[in-house]
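Student: Letter by letter, the sequence shown follows residues 2 to 349 in the working numbering. C-beta: ideal position from N, C-alpha, C; glycine also. All of these numbers come straight from a predicted model, not from anything done at the bench.
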Amino acid sequence: MVKALDANASRLGCLNARVHALKSRMLKLDDFKLLLKSSDIKSFLRSLEKSSYSSCLPTSEEEFSTIEFDKKLVNLLIKEINIILNYLNKNDRKPFIALLNKWRHDSLRTIILSIINKVSKDIALSLLLPINPYSIEFLNYAYTSSRSIEDVIKLVPEYKLRYILLDTFNKYGVSPLFFESAILSYSYNQIFTALNSLRKIDKNLIFPIIQLDVDLSNILLILRGIALKIDPKLIESILIPSVRKPSYIHIIEMKNINMALKALSGSRYSFLADLIDKPMNQIEYYIKKYFVKYIYRYLYGDTMNLSFPITYLYIKYFEIMDIRTIMLGILAEISTDEVINYLIAYQS
2 MVKALDANAS RLGCLNARVH ALKSRMLKLD DFKLLLKSSD IKSFLRSLEK SSYSSCLPTS
62 EEEFSTIEFD KKLVNLLIKE INIILNYLNK NDRKPFIALL NKWRHDSLRT IILSIINKVS
122 KDIALSLLLP INPYSIEFLN YAYTSSRSIE DVIKLVPEYK LRYILLDTFN KYGVSPLFFE
182 SAILSYSYNQ IFTALNSLRK IDKNLIFPII QLDVDLSNIL LILRGIALKI DPKLIESILI
242 PSVRKPSYIH IIEMKNINMA LKALSGSRYS FLADLIDKPM NQIEYYIKKY FVKYIYRYLY
302 GDTMNLSFPI TYLYIKYFEI MDIRTIMLGI LAEISTDEVI NYLIAYQS
């Protein structure tokens with residue numbers, strides 16, 4: 002028993018050191034500023050040459066391709082997840098695998114919502130972080146081979162998720178909010194189930210991170226439901242289960258988004274009151290930015306627990322999303338000030 006505890010402590014110590022090493026290579030504020038100053042893709046790529054993203058760059062013989070760049074970013078993320086998994090036992094791996102699955106399902110969510118909202122394939126590609134099986138190939142096949150959203154759902158290889166999405170389609174028809182809720186609920190349920198396999202100390206530290214992620218996702222679902230003028234009781238029925246739901250559920254009765262944001266001014270989500278009159282897509286990014294700022298605290302202090310690598314991976318994911326946003330802004334010749342509005346890890 003003592004030997005097992007010693008081995009676990011040793012493994013955790015090695016993991017802690019490894020994640021600190023990975024963390025030291027995260028982009029700093031000056032790195033982001035340099036990327037934002039890039040006048041074209043060539044200068045953007047040069048700015049990444051000495052970073053942890055150097056492996057994602059094209060060789061001197063290759064032309065730059067956003068598709069290949071995205072694939073390499075995803076490969077880097079998965080590589081770092083695997084580095085962490087190598088230090089963990091079977092039970093401790095479960096939340097990390099569930100978190101990766103959530104990001105996979107976010108990719109599926111992007112594809113399904115793009116098709117429902119009749120977004121062009123090119124724009125859908127720009128929105129997608131392609132994580133297998135919900136890859137660029139999956140998106141291309143969904144766009145070219147499918148006649149309806151039901152056909153797209155039938156392409157989903159995960160039986161349980163496919164069943165849930167078909168059930169959602171049969172109940173609510175082609176409505177983006179209900180598909181979004183179904184995918185999020187499925188993903189978070191997997192994460193919460195995985196947390197039950199952890200030691201109490203790790204579960205207690207990681208739970209608030211996931212709980213905040215859920216609550217902010219619920220608030221976004223409510224705001225979208227209000228914008229679509231969906232019946233409050235119906236919105237409430239599709240929210241992700243949360244013990245903190247009573248602290249924000251009252252906004253479900255508000256007549257518009259601004260009233261809902263104002264109604265949160267006396268809650269722990271009071272920062273949302275500053276977003277009155279902002280477009281919905283910017284509200285979403287500000288909410289994600291708030292989440293990253295909140296979890297940053299887990300990167301410091303006592304890091305000899307699993308909340309440290311979980312937080313690192315969350316921030317790494319958003320850092321990758323920021324790199325993509327800057328790249329796409331350069332290609333579309335969007336002003337730096339406008340691009341900054343859609344960055345998440347930057348300045349956090």
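F309 and D214 look like a contact to me (Cβ under 8 angstroms); what is the Cβ gap, rounded to whole Å?
Tutor: Contact annotation, F309 with D214: C-beta distance approximately 17 angstroms; criterion of less than 8 angstroms not satisfied.
Student: My assumption, with CB atoms under 8 angstroms, is that N257 sits in contact with I231. Please give the rounded CB distance.
Tutor: 13 angstroms between Cβ atoms; not a contact.
Student: In the structure shown, what three-state DSSP assignment does Y347 receive?
Tutor: DSSP, read as helix, strand or coil, puts Y347 in coil.
Student: Which word fits Q283, buried or exposed, when buried means at least 16 other C-beta atoms lie within 10 angstroms of its C-beta?
Tutor: exposed
Student: Contact between the region 48 to 68 and the region 29 to 39 is defined here as three or more beta-carbon pairs at a separation below 8 angstroms; is this criterion met?
Tutor: For the pair of segments examined, the region 48 to 68 was found to touch the region 29 to 39: the number of CB pairs separated by less than 8 angstroms reaches three.
Student: Report all residues from its chain with a CB closer than 6 angstroms to the CB of P233; omit the five preceding and five following residues, and keep chain order.
Tutor: I253, E254
Student: Given this structure, state the Cα-to-Cα distance separating M328 from A346, to the nearest angstrom.
Tutor: Distance between M328 and A346, taken at the CA atoms: about 15 angstroms.
Student: Looking at C-alpha atoms only, which residue of F193, K204, I207 is the closest neighbour of L243?
Tutor: With the sequence shown as reference, residue 243 is identified as Ser, and Leu is not the correct amino acid for it. Closest by alpha carbon: F193.
Student: Identify every residue that forms a DSSP beta bridge with I132.
Tutor: Y135
Student: Locate the alpha helix (DSSP H) running through S218, then write down its first and last residues.
Tutor: 201 to 228
Student: What is the DSSP secondary structure of T70, reduced to helix, strand or coil?
Tutor: What sits at residue 70 in the sequence shown is Phe, not Thr. It is helical.
Student: Below 7 angstroms CB to CB, which residues in the same chain sit around E285 once its five sequence neighbours on both sides are set aside?
Tutor: The beta carbon of E285 sits closer than 7 angstroms to the beta carbons of L221 from its chain, once the five residues preceding and following it are set aside; these are given in chain order.
Student: Are three or more beta carbon pairs between the region 105 to 124 and the region 133 to 142 nearer than 8 angstroms?
Tutor: yes
Student: Starting from L162 and walking both ways along the alpha helix (DSSP H), at which residues does that stretch end?
Tutor: 160 to 173
Student: Contact between the region 60 to 72 and the region 181 to 199: three or more CB pairs below 8 angstroms?
Tutor: no
Student: By alpha-carbon positions, which one of F170, I210, P96 ends up nearest to L361?
Tutor: There is no way to answer for residue 361, as the model of the chain reaches only from 2 to 349.
Student: Does D303 come out as helix, strand or coil in the three-state DSSP assignment?
Tutor: DSSP places D303 in coil when its eight states are reduced to three.
Student: Kindly give me the distance between the Cβ atoms of R163 and Q212, rounded to whole angstroms, as I take these residues to be in contact under 8 angstroms.
Tutor: The pair is not a contact, with the Cβ atoms about 28 angstroms apart (cut-off 8 angstroms).
Student: Just to confirm, are R94 and L86 a CB contact at a threshold of 7 angstroms?
Tutor: yes
Student: Counting along the chain, where does the alpha helix (DSSP H) carrying A99 start and finish?
Tutor: 91 to 117
Student: Might you give, ordered along the chain, the residues of its own chain that have their beta carbon closer than 7 angstroms to the beta carbon of L28, omitting 5 neighbours on each side?
Tutor: S52, E320
Student: Taking buried to mean at least 16 other C-beta atoms within 10 Å of its own C-beta, is I150 buried or exposed?
Tutor: buried
Student: Considering just the uninterrupted stretch of the alpha helix (DSSP H) at K34, what are its terminal residues?
Tutor: 30 to 37
Student: Which of the three DSSP states is assigned to T60 in this structure?
Tutor: coil
Student: Tell me the DSSP secondary structure of E320 in three-state form.
Tutor: helix
Student: With DSSP as the reference, label I239 as helix, strand or coil.
Tutor: Coil at I239, not helix or strand.
Student: I need the straight-line Cα distance from A5 to R19, nearest angstrom please.
Tutor: In this prediction, A5 scores a pLDDT of 46, lower than 50, which makes its location untrustworthy; no coordinate-derived value is stated.
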